[in-house]
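Enquirer: Below you will find the structure I want to go over with you.
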Amino acid sequence: MLKLYVTPATCSLASQIALEEGGAVYAVERIDFARQEQRSPDFLRVNPKGRVPALVTDRGVLTETPAILAFIGQSFPESIIGVPKDPFEFARIQSFNAYLCSTVHVAHAHKRRGSRWADDPAAIEAMTLKVASNMGDCFELIENTMFAGPWVMGETYSIADPYLFTLAGWLEGDGVDPARFPKVLEHRQRMADRPAVKAALAAVQG
Ligand SMILES: N[C@@H](CCC(=O)N[C@@H](CS)C(=O)NCC(=O)O)C(=O)O
Numbered sequence: 027m028l029k030l031y032v033t034p035a036t037c038s039l040a041s042q043i044a045l046e047e048g049g050a051v052y053a054v055e056r057i058d059f060a061r062q063e064q065r066s067p068d069f070l071r072v073n074p075k076g077r078v079p080a081l082v083t084d085r086g087v088l089t090e091t092p093a094i095l096a097f098i099g100q101s102f103p104e105s106i107i108g109v110p111k112d113p114f115e116f117a118r119i120q121s122f123n124a125y126l127c128s129t130v131h132v133a134h135a136h137k138r139r140g141s142r143w144a145d146d147p148a149a150i151e152a153m154t155l156k157v158a159s160n161m162g163d164c165f166e167l168i169e170n171t172m173f174a175g176p177w178v179m180g181e182t183y184s185i186a187d188p189y190l191f192t193l194a195g196w197l198e199g200d201g202v203d204p205a206r207f208p209k210v211l212e213h214r215q216r217m218a219d220r221p222a223v224k225a226a227l228a229a230v231q232g
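For the sequence shown, the working numbering gives the first residue as 27, with consecutive numbering after it.
Here you go:
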């Protein structure tokens with residue numbers, strides 16, 4: 027059976043929603059950041075990167091949200107989360123998710139994880155101060171040039187939707203008013219009403 031390692035209010039929510047949308051049978055294992063469980067020997071044996079999500083499958087452990095989402099999409103092809111067979115359409119979804127992973131998530135991480143990039147407290151403080159404007163710029167680009175509507179890619183729900191929903195949930199905490207991005211905000215509200223999203227949020231809280 028699949029097992030997903032998760033932490034509340036983190037990017038692991040995207041993979042969890044995708045599993046719910048796919049109708050997957052899976053177990054949830056919570057990692058408590060307050061207790062630094064992500065750095066515990068037990069968890070590092072699962073994911074040496076010390077990060078969530080990690081998806082344990084019968085063929086090994088998968089990490090990195092875009093890879094996990096694509097795996098779930100390909101594993102449940104008949105469900106709403108199934109990915110398109112057309113190479114170009116699939117690449118467009120991967121392009122969106124890669125942007126969330128490599129740029130938006132990294133912009134957000136400068137708020138609490140600045141010590142990954144600098145030791146100087148003044149440099150860390152400077153990075154923290156830049157988070158709101160960087161996240162605002164990222165979501166402006168998404169709102170104006172990337173989000174097709176009503177779903178991320180257009181008429182068809184995809185593995186990009188749980189991922190955008192998850193990262194859009196960080197805006198207020200990062201000092202950005204989501205009202206600046208009406209399409210993203212409406213999508214966030216519509217996503218929150220989906221049974222799969224409610225089930226994932228309930229499961230991560232335990
Ligand atoms: N590129 C990874 C990033 C994973 C990541 O940074 N996860 C965060 C939670 S959103 C984490 O586990 N942080 C723990 C830490 O930095 O100690 C992905 O997209 O899955």
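Note that beta-carbon positions come from the ideal geometry of N, C-alpha and C, so glycine has one too. This structure is a prediction, so every number in the text was calculated from the model and none was measured.
Is it true that the CB of valine 230 sits closer than 8 angstroms to the CB of leucine 39?
Expert: yes
Enquirer: Classify tyrosine 189 as helix, strand or coil using the three-state DSSP reduction.
Expert: helix
Enquirer: Where the beta carbon is closer than 5 angstroms to any heavy atom of ligand 1, which residues qualify, in chain order?
Expert: Thr36, Cys37, Gln64, Arg77, Val78, Glu90, Thr91, Cys127
Enquirer: Check whether the region 116 to 123 and the region 173 to 187 are in contact - that is, three or more C-beta pairs closer than 8 angstroms.
Expert: yes
Enquirer: Determine the DSSP secondary structure at glycine 199, reduced to helix, strand or coil.
Expert: Here glycine 199 sits in helix by DSSP.
Enquirer: State the beta-bridge partners of arginine 206 as determined by DSSP.
Expert: DSSP, once it has assigned bridges, lists no residue as partnering arginine 206.
Enquirer: Compute the minimum distance between the beta carbon of alanine 40 and the heavy atoms of ligand 3, and state whether it is under 7 angstroms.
Expert: Summarising the ligand content, the structure contains ligand 1 and does not contain ligand 3.
Enquirer: How do the region 32 to 52 and the region 74 to 83 stand: do at least 3 beta-carbon pairs fall below 8 angstroms, yes or no?
Expert: yes
Enquirer: Between the region 151 to 160 and the region 94 to 102, are three or more C-beta pairs nearer than 8 angstroms?
Expert: no
Enquirer: Taking glutamine 100 as the reference, give the member of Gln64, Ala60, Ala50 with the closest Cα.
Expert: Ala50
Enquirer: Establish whether the CB of valine 32 and some CB of chain B are separated by less than 8 angstroms.
Expert: Here chain B cannot be found, since the structure has a single protein chain.
Enquirer: Is isoleucine 107 closer than 8 angstroms to glycine 48 when the C-beta atoms are compared?
Expert: Cβ atoms of glycine 48 and isoleucine 107: closer than 8 angstroms.
Enquirer: Please state the DSSP three-state secondary structure of lysine 29.
Expert: Strand, per DSSP.
Enquirer: Give me the Cα-Cα distance between glycine 201 and isoleucine 168, rounded to the nearest whole angstrom.
Expert: 17 angstroms
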